[in-house]
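Report on the following structure.
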């Protein structure tokens with residue numbers, strides 16, 4: 002259960018970083 006929560010948070014952080022990267026790219 003804890004591992005699933007950590008994975009979810011990691012995915013959310015990765016998505017946020019990717020969105021920031023796209024914003025800076027354009």
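Numbering (this note's numbering), first residue to last: 2 to 27.
Heads up, the beta-carbon is just placed ideally off N, CA and C, and yes, glycines get one too.
Here residue 24 carries a helix assignment [DSSP, helix/strand/coil]. Linking residue 22 to residue 7 through their CA atoms gives a straight-line distance of about 22 Å. For residue 19, there are no CB contacts under 7 Å within the same chain when 5 residues up- and downstream are skipped.
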